[in-house]
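Down below is the structure, laid out as structure tokens.
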Amino acid sequence: MRKIGLVALEEDNCVFMGKGMIVFFYVDDIILMNRKEDRQAAEELKNQLKSLFEMRELGEVRWFLGIRVIRDRSQRKLWLSLENYITEKMKDLNLQPSTRGHLTPLSSDPAPGPKDYEASAESIHLYQRKIGSINYAATTARPDVAKAASRLAESLLRPTEIHHLAADHCLRYLYRTRTLSPSYGGSGDYSPSLYCASDASFGDDPITRFSSQGYTTMLFGGPIDWKATKQRSVVTSSTEAELVALSVAARNYIATRRLLKELQLRFSGEIPIQMFCGNRQTLSLLTSERPQATTKLKHVDIHRLWIRQTVRQGKVSVDWVSTDKMVRDGLTKILTTQKHQNFVQLLNMQVRACGPSVNSVLDFGRLLD
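Offset between the sequence shown (1-based) and the numbering used here: plus 208.
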């Protein structure tokens, strides 16, 4: 790549830049991005790549790794759709769609089965296929099922009938809402254009008492990075759980900002450093000169001091925002139908079929009628 003037980014070695273009490689799939004024240089680069590799040009990107890329150039909007992927997975798994229920990814918490339970090889294989299908959706274009994917994946080696039913429920939810797509751009007010929100659910695992944690990073109105995981040690308060979650989110957010800086993405000023947290006590530990609360847990204290240092260095700025206005609640909790719909709206996921019509995000509720 260097021979033809492309240099790999430090933050992601699969992304190259050069000659006013961005080139992204994923195994044998390539996306080339350029501005209109660099179109001639892009053609020359494609010819150079063709001289090095056996390639087939597919034109403007419409599909990538099972994701449909839908654009409305007049409105300067873009959607990422998994409608076809979800439909194919339902067929592959021989699952029949349902016209009733399945209003949320999970209806209840599918806790892991007994430690002495032994599932059959066939059951394990089928369950892992189901979770693999859900997880791909959860990590590419369906952040609304990230919490469900994380929870269901805890039983990959000991799936019971309850877990199979829960996985089927999630897949049927995905099918019922298959036209839901994250949306980016447009004329809406998405200020700040880049921000990250984190959350934790204190000691919510009934067996281990580990806490759930999650974060979402939004850019141009839509989610670009998100994660729902479980903390791997027990903490003794919701503030400690929030501190650990915020530290994890901040590290990923800083990495995202470094990537955007390398990509030379244009903002009105400096790349935003805004983060949001829903716990006032956690916020006071980061901003007060003499915080009142302390912790005797070494690993939590390290997270506290690191994020406090990061805030003081100006690498991130953390503010409080109420739970109902923050894009993260659905990454740590199993929500009711109404709260889940609110979560989907905050993610700016819109009903967008792979056809000519565009519906508002407010039409999401009609999918559940």
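Cβ atoms here follow ideal geometry from the backbone N, Cα and C, with glycine treated the same way.
Between Asn556 and Ser409, is the Cβ-Cβ spacing less than 8 Å? Locating residue 556 in the sequence shown gives position 348, where the first residue counts as 1. Locating residue 409 in the sequence shown gives position 201, where the first residue counts as 1. No, Cβ-Cβ distance for Asn556 and Ser409 is not below 8 Å.
Please report how far the alpha carbon of Tyr325 lies from the alpha carbon of Gly538, in whole angstroms. As a working note, residue 325 is residue 117 in the sequence shown. As a working note, residue 538 is residue 330 in the sequence shown. Rounded to the nearest angstrom, the two C-alpha atoms are 30 Å apart.
Please check the pair Val443 and Val456, which I expect to be a contact at CB under 8 Å, by giving their CB distance rounded to whole angstroms. The residue given as residue 443 occupies position 235 in the sequence shown. The residue given as residue 456 occupies position 248 in the sequence shown. Their Cβ separation, rounded to whole angstroms, is 13 Å, which puts Val443 and Val456 out of contact at 8 Å.
Alpha carbon to alpha carbon, what distance is there between Arg337 and Pro367? Position 159 of the sequence shown, counted from the start, is the residue given in the question as residue 367. Position 129 of the sequence shown, counted from the start, is the residue given in the question as residue 337. Pro367 and Arg337: Cα-Cα distance of roughly 12 Å.
Using only CA atoms, which one of Lys523, Gly274, Arg536 lies nearest to Asp237? What you label residue 237 is simply residue 29 of the sequence shown in a count that begins at 1. That would be Gly274, whose Cα lies nearest to the Cα of Asp237.
Over what stretch of residues does the beta strand (DSSP E) that includes Gly422 continue unbroken? Residue numbering aside, residue 422 sits at position 214 when the sequence shown is read from its first letter. Start and end: 420-427.
Would the stretch 353-364 count as touching the stretch 509-526 if we require 3 or more Cβ pairs under 8 Å? no
Ignore the nearest five residues each way along the sequence and tell me which others in Ala449's own chain have a CB closer than 6 Å to its CB. Indexing the sequence shown from 1 puts residue 449 at position 241. Same-chain partners within the cutoff: Ala408, Phe410, Ser419, Val443.
Buried versus exposed, by CB contacts within 10 Å (16 or more), Trp434: Against the sequence shown, residue 434 aligns to sequence position 226. Buried, since its Cβ has 16 or more Cβ neighbours within 10 Å.
Look up Tyr234 in the DSSP assignment and give the residues it is bridged to. Counting from one through the sequence shown, the residue named residue 234 turns up at place 26. Tyr234 is bridged to Asp237.
Apart from the five residues just before and just after Asp220, which ones in its own chain have a Cβ nearer than 7 Å to its Cβ? The residue you call residue 220 lines up with position 12 of the sequence shown. Within the same chain, Asp220 has close Cβ partners Leu467.
Using the beta-carbon count (16 or more within 10 Å), is Thr545 buried or exposed? Here residue 545 refers to the residue found at position 337 when the sequence shown is read from its first residue. When all chains shown are included, Thr545 counts as exposed.
Run through DSSP, which three-state label would Ile278 get? Start at 1 with the first residue of the sequence shown, and residue 278 comes out as number 70. Three-state result, Ile278: strand.
Arg284 to Leu493, Cα distance in whole Å? Here residue 284 refers to the residue found at position 76 of the sequence shown. Here residue 493 refers to the residue found at position 285 of the sequence shown. Each residue's Cα considered, the two are about 41 Å apart.
Below 8 Å on the Cβ atoms is my guess for Pro431 versus Pro322; work out the distance and round it to an integer in Å. By one-based count along the sequence shown, residue 431 stands at place 223. By one-based count along the sequence shown, residue 322 stands at place 114. So it is not a contact: roughly 36 Å between Cβ atoms.
Secondary structure at Met483, three-state DSSP: helix, strand or coil? Indexing the sequence shown from 1 puts residue 483 at position 275. DSSP places Met483 in strand when its eight states are reduced to three.
6 Å Cβ shell around Ile212 - same chain, five flanking residues per side excluded: Walking along the sequence shown from the start, residue 212 turns up at place 4. These residues qualify, in order along the chain: Gln256.
Please report the straight-line C-alpha distance between His333 and Tyr381, rounded to a whole angstrom. Stepping through the sequence shown from its first residue, residue 333 is reached at position 125. Stepping through the sequence shown from its first residue, residue 381 is reached at position 173. Distance between the alpha carbons of His333 and Tyr381: 22 Å.
In whole angstroms, what is the alpha-carbon distance linking Gln472 and Glu478? Reading the sequence shown from its first residue, position 264 is the one you call residue 472. Reading the sequence shown from its first residue, position 270 is the one you call residue 478. Answer to the nearest angstrom: the Cα atoms are 11 Å apart.
What are the residues that DSSP puts in a beta bridge with Lys438? On the sequence shown, position 230 is the one that residue 438 refers to. Lys438 pairs with Ser420.
Which partner residues does Leu288 have in the DSSP bridge list? Numbered from its first residue, the sequence shown carries residue 288 at position 80. Paired residue(s): Val277.
Quick check on the burial criterion: 16 or more other C-beta atoms within 10 angstroms. Buried or exposed for Tyr234? Stepping through the sequence shown from its first residue, residue 234 is reached at position 26. Under this definition Tyr234 is an exposed residue.
Based on the DSSP output, what are the partners of Gln558 in its beta bridges? Start at 1 with the first residue of the sequence shown, and residue 558 comes out as number 350. Beta-bridge pairing links Gln558 to Ser389.
Quick one, are the C-beta atoms of Leu554 and Val526 less than 8 Å apart? The residue labelled residue 554 in the question sits at position 346 within the sequence shown. The residue labelled residue 526 in the question sits at position 318 within the sequence shown. Contact flag unset, no.
What does DSSP give as the partner residue(s) for Met229 in the beta ladder? Position 21 of the sequence shown holds residue 229. Per DSSP, Gly226, Asn242.
Proximity to Leu286 [Cα-Cα], best of Ala463, Trp514, Ala349, Ser315: Here residue 286 corresponds to residue number 78 of the sequence shown, with the count starting at 1. Comparing Cα positions, the closest option is Ala349.
I'd like to check one pair, Leu314 with Ala374: are the Cβ atoms closer than 8 Å? What you label residue 374 is simply residue 166 of the sequence shown in a count that begins at 1. What you label residue 314 is simply residue 106 of the sequence shown in a count that begins at 1. Cβ atoms of Ala374 and Leu314: closer than 8 Å.
Nearest-angstrom Cα distance between Asn460 and Glu251? The sequence position of residue 460 within the sequence shown is 252, counting from 1. The sequence position of residue 251 within the sequence shown is 43, counting from 1. Cα to Cα, Asn460 sits roughly 35 Å from Glu251.
Own chain partners of Arg536 with C-beta closer than 7 Å, once the 5 adjacent residues on each side are dropped: Along the sequence shown, one-based indexing puts residue 536 at 328. Cβ neighbours of Arg536 beyond the five flanking positions: Ala405, Ser406, Asp407, Gly422, Tyr423, Thr424.
Considering Tyr381, what are the terminal residues of the alpha helix (DSSP H) in which it resides? Within the sequence shown, the letter at position 173 stands for residue 381. Per DSSP, Tyr381 belongs to the alpha helix (DSSP H) from 369-384.
Thinking C-alpha only, which one of Leu214, Ile542, Arg512, His377 is nearest His310? For this step, residue 310 is matched to residue 102 along the sequence shown. When each option's Cα is compared against that of His310, the closest is His377.
Sequence-distant residues of the same chain with beta carbon closer than 8 Å to Ile342, five excluded per side: Working through the sequence shown from its first residue, we reach residue 342 at position 134. Within the same chain, Ile342 has close Cβ partners Val353, Ala356, Ala357, Leu360, Ala375, Cys378, Leu379, Leu382.
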